[in-house]
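Novice:
Chains as they are written, first to last, in the working numbering: chain G, 1 to 324; chain U, 1001 to 1338.
#1: Taking only beta-carbon atoms, is residue 1266 of chain U less than 7 Å away from chain G?
#2: Does the beta carbon of residue 1058 of chain U come closer than 7 Å to any beta carbon on chain G?
#3: Using 7 Å as the limit for Cβ to Cβ distance, is residue 245 of chain G near chain U?
#4: If we ignore side chains and look at the alpha-carbon of each, how far apart do residue 1154 of chain U and residue 1102 of chain U end up?
#5: What residues in its chain sit with their C-beta under 6 Å from that of residue 114 of chain G, if we drop five residues either side in the sequence?
#6: If you reduce the DSSP assignment to three classes, tell me which class residue 1230 of chain U lands in.
#7: For residue 1190 of chain U, which of helix, strand or coil comes out of DSSP?
#8: Quick check on the burial criterion: 16 or more other C-beta atoms within 10 angstroms. Buried or exposed for residue 295 of chain G?
#9: Is the beta carbon of residue 141 of chain G less than 7 Å from the beta carbon of residue 170 of chain G?
#10: Under 8 Å Cβ to Cβ from residue 166 of chain G, same chain only, skipping five residues before and after it: list those, please.
#11: Using a Cβ-Cβ cut-off of 7 Å (strictly less than) and excluding sequence neighbours within five positions of residue 1008 of chain U, which residues of its own chain qualify?
#12: With a cut-off of 7 Å, does the C-beta of residue 221 of chain G fall near any C-beta of chain U?
#13: Using a Cβ-Cβ cut-off of less than 7 Å, give me the residues of the region 1021-1051 of chain U that come near chain G, in sequence order.
#14: Which of the three DSSP states, helix, strand or coil, is assigned to residue 1073 of chain U?
#15: In chain order, what residues of the same chain have a beta carbon less than 7 Å from the beta carbon of residue 304 of chain G, not counting five sequence neighbours either side?
#16: With a cut-off of 7 Å, does the C-beta of residue 309 of chain G fall near any C-beta of chain U?
#17: Check whether the region 221-231 of chain G and the region 36-51 of chain G are in contact - that is, three or more C-beta pairs closer than 8 Å.
#18: Should the region 1104-1113 of chain U be called in touch with the region 1183-1197 of chain U, which here means at least 3 C-beta pairs below 8 Å?
#19: In angstroms, rounded to a whole number, what distance separates the CA positions of residue 205 of chain G and residue 178 of chain G?
#20: Let me make sure I understand the geometry here. Which of G:30, G:15, G:59 has the alpha-carbon closest to that of residue 23 of chain G?
#21: Does DSSP put residue 122 of chain G in a helix, in a strand, or in coil?
#22: Closer than 7 Å by beta-carbon distance: list the chain G residues that pair up with residue 1280 of chain U, in chain order.
#23: Short of 7 Å Cβ to Cβ, which residues in the region 1101-1125 of chain U face chain G?
#24: Restricting to runs no shorter than 3 residues, where is the beta strand (DSSP E) found entirely within the region 1176-1224 of chain U?
#25: If you run the structure through DSSP and keep just helix, strand and coil, what is residue 1284 of chain U?
#26: Is the beta carbon of residue 1064 of chain U sitting closer than 7 Å to the one on residue 261 of chain G?
#27: From residue 119 of chain G to residue 90 of chain G, what does the alpha carbon distance come to, in whole angstroms?
#28: Does DSSP put residue 89 of chain G in a helix, in a strand, or in coil?
#29: Using a Cβ-Cβ distance under 7 Å, would residue 1263 of chain U count as near chain G?
#30: With a cut-off of 7 Å, does the C-beta of residue 1002 of chain U fall near any C-beta of chain G?
#31: Just to confirm, are residue 1159 of chain U and residue 1133 of chain U a CB contact at a threshold of 7 Å?
#32: Which bits of chain G does residue 1213 of chain U rub up against, with CB to CB less than 8 Å?
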């Protein structure tokens, strides 16, 4: 068993809003080993991004609050760190890539200025050293003629190139752990293919661990070792990628996989999941998925199922697995 | 043989609902007086640059391509929301572009649009009753309040909503439900052609499947014809009878969905398909078989738009633009090096 880099234990994040409390992440646990790529999958509002932000300690408080749980990064509980200690951690040891590069990057500074800012603060490089390093980084992420592009502004790059700049910035201080929050969602499919290839090769080359957040099951199928499926703030299934795709155990995962139109065959109708996602302000009692589930039983309306091991290394939170 | 000739050879014109020939839309950039004073050069953005396609009655044509390739401009041209620079749009063998404003207004009833974002396409200040009955009023399809109410209730039922929803406002609905309302609005005037401009791309995958099924059901029930625009290739494959692939203002390949997806002929179609990550870890991982990035539609050089990216490029590609030629089996491809 490889060394564990990140471990989430019963993480619960709550937002206190004027309309009432909203639990965005509810008792989520998983761990990521060194060199592993973990895919966090789910539809909008399922709590994926809040989980990522909690790891970076970027939940605004108030209204947000980490109610329970631990986040162990290399054995050390991040939630107990001071703000100054967190600043030393962010960027240097854990870095993050966001979905929308245009809003994550600063439009009034050149690429060189914003990346070297991190290098100079975190690594204490001089202006000249930082500039050389930025050029190296841009070359690393495949930006053509980095010597010239280093002084460009963000709006002078295309969407795919901006995402490369974001990746260069995330990699600038050699972090051991990368969080990518929907890094290819805003991109066209051909650009997505190149960015995915780039992220995977960077992870291999630099021996990093990756938490990959996406709603696209096609993307996780090819880039992640392990997957966690989230639905309405809960993690409902977790296991090796191949295992989950070949043998999904939670009705939500099954429904999700059946909902995707396929490229290789054409069927007249798809098999969607009935109904729509429950309101997070007023979630149903018991299993959050039961109003949409075709297997719902009495117990599902009363008790929220725990994540249980249904096969070696494969966990599902569903009362259907209670019997055996 | 050009695409248009091939079409008349393969199908009779009687069942043809929409025919588009040489449709072109060029936008002039920096054409205003300020740019002239500043001495900026006028440029042409060739959003749609001479495309031919046709849709037979009752069929679904899928139009697919990456952002900026001209898909949405095509939808706007076909509905005359914007006027083309050149070309022909024929609806039931009549020249749509020659219609008078009055005639055009009447004809709008036959062509309806469903947009991508149901949050901005529904008026937040109006009830569902108002949103769905207004088009009927405009086209004189229902007169009394009772008649309208009855028709609206029937529409709600057909798109999978219930009677209790009729007096609510759009903000009370989820994204999927809103898209159902947008579809009901399109159907309220009993159209022949429904154009969906990315109608499922803002939806989560489990809801997307519901809406795709709804499109199917309604097509059978009302004998609708669809022009379905999307960037998601698996959605296009699922919903379409025939597919047209666009790249920078041009159609590069058309054909029956099954044949085109199983055996893509144009290098761009091939690249697009190999870049899709399929939800199956045993399938080949996505990869890009083209070099560089999408070319610009602003003052494009002569020759094929894929020049500089294509693995099959030869000397002729940079000089002459390849025409869309018939390759048999109701398929047309625009490539010099097949």
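Where a beta carbon is used, it is the ideal one built from N, C-alpha and C, also for glycine. Remember, it's a predicted structure, so these values are computed and weren't measured experimentally.
Specialist: Reading from the atomic positions:
#1: Numbered from 1 along the second chain, position 266 holds the residue referred to as residue 1266 of chain U. Cβ-Cβ to chain G under 7 Å: no for residue 1266 of chain U.
#2: Reading the second chain from its first residue, position 58 is the one you call residue 1058 of chain U. False, the Cβ-Cβ gap to chain G never drops below 7 Å.
#3: Taking the first chain and counting its residues from 1, one reaches residue 245 of chain G at position 245. Yes, residue 245 of chain G counts as interfacial toward chain U.
#4: One-based indexing of the second chain puts residue 1154 of chain U at position 154. One-based indexing of the second chain puts residue 1102 of chain U at position 102. Residue 1154 of chain U and residue 1102 of chain U: Cα-Cα distance of roughly 29 Å.
#5: Residue 114 of chain G sits at position 114 when you count from the first residue of the first chain. Around residue 114 of chain G: 106.
#6: In the second chain, residue 1230 of chain U corresponds to position 230, counting from 1. Reduced to three states, the DSSP call for residue 1230 of chain U is strand.
#7: As a working mapping, residue 1190 of chain U is identified with position 190 in the second chain. DSSP places residue 1190 of chain U in coil when its eight states are reduced to three.
#8: Residue numbering aside, residue 295 of chain G sits at position 295 when the first chain is read from its first letter. Classification of residue 295 of chain G: exposed, given that the 10 Å Cβ count is below 16.
#9: Position 141 of the first chain, counted from the first residue, corresponds to residue 141 of chain G. Position 170 of the first chain, counted from the first residue, corresponds to residue 170 of chain G. For the pair residue 141 of chain G and residue 170 of chain G, the CB atoms are not nearer than the 7 Å cut-off.
#10: Here the question's residue 166 of chain G lines up with position 166 in the first chain. Excluding positions up to five away in sequence, the list reads 97, 98, 101, 104, 105, 183.
#11: Start at 1 with the first residue of the second chain, and residue 1008 of chain U comes out as number 8. Note on residue 1008 of chain U: pLDDT 42, under 50, position unreliable in the model; the coordinate value appears next. Nothing listed; no residue qualifies.
#12: Here the question's residue 221 of chain G lines up with position 221 in the first chain. Closer than 7 Å: yes.
#13: none
#14: Within the second chain, numbered from 1, the residue matching residue 1073 of chain U stands at position 73. Shown here, residue 1073 of chain U sits in a helix according to DSSP, grouped into three states.
#15: The residue you call residue 304 of chain G lines up with position 304 of the first chain. Closer than 7 Å at Cβ, skipping near neighbours: 286, 287.
#16: Along the first chain, one-based indexing puts residue 309 of chain G at 309. Taking Cβ atoms only, chain U never reaches closer than 7 Å to residue 309 of chain G, which makes this a no.
#17: The answer is yes - the region 36-51 of chain G touches the region 221-231 of chain G, with three or more Cβ pairs under 8 Å.
#18: The answer is yes - the region 1183-1197 of chain U touches the region 1104-1113 of chain U, with three or more Cβ pairs under 8 Å.
#19: Position 205 of the first chain holds residue 205 of chain G. Position 178 of the first chain holds residue 178 of chain G. Straight-line Cα distance between these residues: approximately 13 Å.
#20: Counting from one through the first chain, the residue named residue 23 of chain G turns up at place 23. The option with the nearest alpha carbon to residue 23 of chain G is G:15.
#21: Counted from its first residue, the first chain places residue 122 of chain G at position 122. Residue 122 of chain G sits in a helix when the DSSP states are folded into three classes.
#22: Counted from its first residue, the second chain places residue 1280 of chain U at position 280. Ordered by position in chain G, the residues that pass the 7 Å Cβ test against residue 1280 of chain U are 221, 245.
#23: none
#24: 1193-1197
#25: Here the question's residue 1284 of chain U lines up with position 284 in the second chain. Three-state DSSP puts residue 1284 of chain U in coil, outside helix and strand.
#26: Position 64 of the second chain, counting from 1, holds the residue named residue 1064 of chain U. Position 261 of the first chain, counting from 1, holds the residue named residue 261 of chain G. Their beta carbons are not under 7 Å apart, which means residue 1064 of chain U does not touch residue 261 of chain G by this criterion.
#27: Along the first chain, one-based indexing puts residue 119 of chain G at 119. Along the first chain, one-based indexing puts residue 90 of chain G at 90. Using only the alpha carbons, I get a separation of about 12 Å.
#28: Numbered from its first residue, the first chain carries residue 89 of chain G at position 89. It is helical.
#29: On the second chain, residue 1263 of chain U is found 263 positions in, with the first residue counted as 1. For residue 1263 of chain U, the answer is no, since every Cβ of chain G falls outside 7 Å of its Cβ.
#30: Here residue 1002 of chain U corresponds to residue number 2 of the second chain, with the count starting at 1. Unreliable placement is indicated for residue 1002 of chain U, whose pLDDT of 40 sits below 50; the coordinate value is still reported in the next sentence. So no, residue 1002 of chain U is outside the interface.
#31: Along the second chain, read from residue 1 onward, the residue named residue 1159 of chain U stands at position 159. Along the second chain, read from residue 1 onward, the residue named residue 1133 of chain U stands at position 133. Contact: no.
#32: Taking the first residue of the second chain as 1, we reach residue 1213 of chain U at position 213. In chain order: 269, 270, 272.
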